[in-house]
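Everything below concerns the one structure shown next.
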Amino acid sequence: MCLRLSLLTLLAAWGFGSAHALDVTLAAPGTLAGAVDDAAAVTSLAVSGSIDASDFHFIATGMPALTALDLSRATVEPYSGDAIGGLRSYPAAMLPPMLLAGTGLESIDLPLGLKAIGEGALAGTRLHEIDVHAGVTSIGEGAFAGCTELTEATVASASLGSGAFAGCTSLRRVAVPQGSLIPARCFAGDSLLETVEGFETAVAVGGGAFANCASLHALPFGRELRSIGEYAFSGSALQEADMSGCTALAEVGIGAFSGCPSLERLELPEGCEPAMALAMNTPALKTAVLLSGDVPAFAFTGDSLVDISAAVACATVIGDFAFKGVTRAGAVVLPASLEYIGTGAMEGATGLTSIDASLLEAVPELGQRVWAGVNQPSVVLYATQEVADAFAATPQWSDFNLQLKTYDMVADILGSGPAALRAAFSGAMLLVDCGCAAVSVTVTDISGRILAILHPDSDGHAMLDTSRWSTDIYLLGASTGQSLKIAR
Numbered sequence: 010m011c012l013r014l015s016l017l018t019l020l021a022a023w024g025f026g027s028a029h030a031l032d033v034t035l036a037a038p039g040t041l042a043g044a045v046d047d048a049a050a051v052t053s054l055a056v057s058g059s060i061d062a063s064d065f066h067f068i069a070t071g072m073p074a075l076t077a078l079d080l081s082r083a084t085v086e087p088y089s090g091d092a093i094g095g096l097r098s099y100p101a102a103m104l105p106p107m108l109l110a111g112t113g114l115e116s117i118d119l120p121l122g123l124k125a126i127g128e129g130a131l132a133g134t135r136l137h138e139i140d141v142h143a144g145v146t147s148i149g150e151g152a153f154a155g156c157t158e159l160t161e162a163t164v165a166s167a168s169l170g171s172g173a174f175a176g177c178t179s180l181r182r183v184a185v186p187q188g189s190l191i192p193a194r195c196f197a198g199d200s201l202l203e204t205v206e207g208f209e210t211a212v213a214v215g216g217g218a219f220a221n222c223a224s225l226h227a228l229p230f231g232r233e234l235r236s237i238g239e240y241a242f243s244g245s246a247l248q249e250a251d252m253s254g255c256t257a258l259a260e261v262g263i264g265a266f267s268g269c270p271s272l273e274r275l276e277l278p279e280g281c282e283p284a285m286a287l288a289m290n291t292p293a294l295k296t297a298v299l300l301s302g303d304v305p306a307f308a309f310t311g312d313s314l315v316d317i318s319a320a321v322a323c324a325t326v327i328g329d330f331a332f333k334g335v336t337r338a339g340a341v342v343l344p345a346s347l348e349y350i351g352t353g354a355m356e357g358a359t360g361l362t363s364i365d366a367s368l369l370e371a372v373p374e375l376g377q378r379v380w381a382g383v384n385q386p387s388v389v390l391y392a393t394q395e396v397a398d399a400f401a402a403t404p405q406w407s408d409f410n411l412q413l414k415t416y417d418m419v420a421d422i423l424g425s426g427p428a429a430l431r432a433a434f435s436g437a438m439l440l441v442d443c444g445c446a447a448v449s450v451t452v453t454d455i456s457g458r459i460l461a462i463l464h465p466d467s468d469g470h471a472m473l474d475t476s477r478w479s480t481d482i483y484l485l486g487a488s489t490g491q492s493l494k495i496a497r
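In structure tokens:
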């Protein structure tokens, strides 16, 4: 008997003996405190009836052992009175901002009539999962931020607030509503996040929304996407960002894909204008396709592997320091559209072996120290007879090993008919004739990967050095609708 009493005393001291679940029905809001006996020992609470902010305040301050809260049969009424959490009033049908933040809640069933979740409402709690039902129309800023034990979250239809799930370091899967605007910092720092269901219908991604999501390897970028904010995916684990089908995408913010250690391919659609530092310090990046032309400043700084020819295929301007530190540049082809190369744009491109400028009809203007660190006399600059003298007389360009490049498109191109898309190889050089001035010719491999986008001259002629690729089969598609396949 003495041993049994001693054990019960010890359990009570530890809180096990008195811990219990409680189911209460409230006749009026603000009466929870009077309906609960031994509140400090309650671990599970189910509430029916009406509650308000004062009841949430009691849960947070008077029920320290509570881990499970079931409000599915409760309604949240408005509150007006003495200040609670710094506010004298709270609206109906809203989980009050901040009042439950930092509590030990591990699970919560939301009221069926709930319309909104306030700012920081459940931030820093110990929730394991959350299911925000379709009746909830808005989730406030930081509502679930810092819930470090949260592993899954489903949001049926609510709009998301900034940083709503930021710092949820155990979150692996989230489902967002169809057509979401994913706000700034929404999932920032969620280092285990792997799956974002519903992202394929997102219309916008805010600044830093997925920053430092170190387990996020893939996302399905959909046709409805219109904008991407600054540093939206910075530091994430994305391996590919194919936005070629995002025809509504108009802008990509500063550093949106910067510092992504695994990103190998980045493709933007025609009409999209990226901001500076687009993918700087992204060391695995090999292919970047910017169909709108200009390469922004610092776009690929530090990206040693990036294919410069593919990235500038539509460019009129190459921004300052755009390719600084691209140490494996190899052979670079400049497009006929190019007019200006910015300060330090090719600084440190120590692997540069040749520059094919034979499509240019005029010498592009240069900023300062464009080729700093490059051994220019060892780099061959190919130019046509018409502009060779101008290159030789222009500072910075004149330091290269200038060589003439000539070819007879009429004699060398296969095919027939004045409007046919024709092509032939001269060694590794792909010669293309559109028969007329097509806007562009897209060159892909058999897997559909875009290798280059050519802009034929006024006679419909273009050329491409294919020595950097191992593929033997090339697919050509002109903007006029013609296409062909050719083997090297």
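Start counting the sequence shown at 10; every next residue gets the next number (the working numbering).
No residue lacks a Cβ here, since even glycine has one placed at the ideal position from N, Cα and C.
Bear in mind the structure is a predicted one, so any value in this text is a computation, not a measurement.
**Span of the alpha helix (DSSP H) around I317** = 317 to 320
**Asked** So F196 is in the beta strand (DSSP E); what residue range does that whole segment cover?
**Response** Looking at the DSSP string, F196 is not in any beta strand (DSSP E), and its letter there is neither H nor E.
**Burial state of H464, where buried means 16 or more other Cβ atoms lie within 10 Å** = buried
**Message:** Excluding the 5 residues flanking I237 on each side, which residues of the same chain have their C-beta closer than 8 Å to its C-beta?
**Reply:** A213, V214, L258, E260, V261, G262, A265
**Request:** Closer than 7 Å by C-beta to V205: which residues in its own chain qualify, once you throw out the five before and the five after it? Chain order, please.
**Result:** V183, V185, L228
**Request:** Take V389 as the anchor and find which of C281, A371, S367 has the nearest alpha-carbon.
**Result:** When each option's Cα is compared against that of V389, the closest is S367.
**Request:** Starting from S63, trace the alpha helix (DSSP H) both ways and give me its first and last residue.
**Result:** 62 to 71
**Request:** Within 10 angstroms of the Cβ of R194, are there 16 or more other Cβ atoms? Answer buried if so, exposed if not.
**Result:** Classified as buried, R194 has 16 or more neighbouring CB atoms from the shown chains inside 10 Å of its CB.
**Exposed unless 16 or more other CB atoms sit within 10 angstroms - verdict on S73** = The question names Ser, but residue 73 is Pro in the sequence shown. Exposed, by the Cβ-count rule.
**Prompt:** Should E370 go down as buried or exposed, given a rule of 16 or more other Cβ atoms within 10 Å for buried?
**Reply:** exposed
**Item:** Backbone CA spacing between G129 and A197 [nearest angstrom]
**Value:** The straight-line gap from Cα to Cα measures roughly 15 Å.
**Request:** Inspect the beta-carbon positions of S57 and Y88 and report whether they are closer than 8 Å.
**Result:** no
**Residue nearest to D251 in terms of C-alpha spacing, selected from E239, L275, S271, S267** = L275
**Prompt:** Can the beta-carbon of L294 be found less than 8 Å from the beta-carbon of L277?
**Reply:** Pairing L294 with L277 gives a Cβ-Cβ distance that is not under 8 Å.
**Asked** Is G24 helix, strand or coil when you go by DSSP?
**Response** The predicted position of G24 is uncertain, since its pLDDT is 42 and thus under 50; a value taken from the coordinates is nonetheless stated next. If DSSP states are grouped into helix, strand and coil, G24 belongs with coil.
**Message:** Judging by CA-CA distance, which residue of L413, D365, P373 is the nearest neighbour of Q405?
**Reply:** Relative to Q405, the option among L413, D365, P373 whose CA is nearest is P373.
**L390 - containing beta strand (DSSP E), residue span** = 389 to 392
**Asked** Since S346 contacts T325 with CB under 8 Å, what's their CB separation in whole angstroms?
**Response** 5 Å
**Message:** So, with DSSP's three-state summary, where would you put D454?
**Reply:** coil
**Residue environment, S243, which counts as buried when at least 16 other CB atoms sit within 10 Å** = buried
**Same chain, Cβ closer than 6 Å to A110, five either side skipped, listed in chain order** = G129, A132, G133
**Asked** Which same chain residues, not among the five before or five after I495, have their C-beta less than 6 Å away from its C-beta?
**Response** A432, Y483
**3-residue-minimum beta strand (DSSP E) runs that sit fully inside the stretch 168 to 246, ordered along the chain** = Counting only runs of 3 or more, we get 182 to 184, 204 to 206.
**Item:** Chain-order list of residues whose beta-carbon lies under 6 Å from that of M285 (same chain, five-residue window excluded)
**Value:** I263, P305, A306, F307
**Prompt:** Is T146 near the ligand ATP, going by C-beta to nearest heavy atom under 7 Å?
**Reply:** The ligand ATP is absent from the structure shown, which contains no ligands of any kind.
**Request:** Can you tell me which of M107, A101, G113, A320 puts its alpha carbon nearest to the alpha carbon of G122?
**Result:** A101
**Contacts around L234, its chain only, beta-carbon distance under 8 Å, and the 5 residues preceding and following it disregarded** = A211, V212, A213, V214, M252, C255, A257, L258
**Message:** I'd like the list of long-range same chain contacts for D140, defined as Cβ closer than 6 Å, with 5 residues on each side in sequence excluded.
**Reply:** T163
**Request:** Grab me the residues of L169's own chain with a C-beta within less than 6 Å of its C-beta, minus the 5 sequence neighbours each way, in chain order.
**Result:** I148, P192, C195
**Message:** Does I455 pass the burial test, meaning 16 or more other C-beta atoms within 10 Å, or should it be called exposed?
**Reply:** With fewer than 16 other Cβ atoms inside 10 Å of its own Cβ, I455 counts as exposed.
**Request:** Determine the burial state of A143: buried for a count of at least 16 other Cβ atoms within 10 Å of its Cβ, exposed for fewer.
**Result:** Exposed, because fewer than 16 other Cβ atoms sit within 10 Å of the Cβ of A143.
**Message:** Once DSSP output is grouped into helix, strand and coil, what is the label at V396?
**Reply:** helix
**Item:** Cβ shell of A223 (< 6 Å), same chain only, five flanking positions each side left out
**Value:** S200, A246
**Request:** Would you list the one or two residues that DSSP bridges to G58?
**Result:** L35, A83
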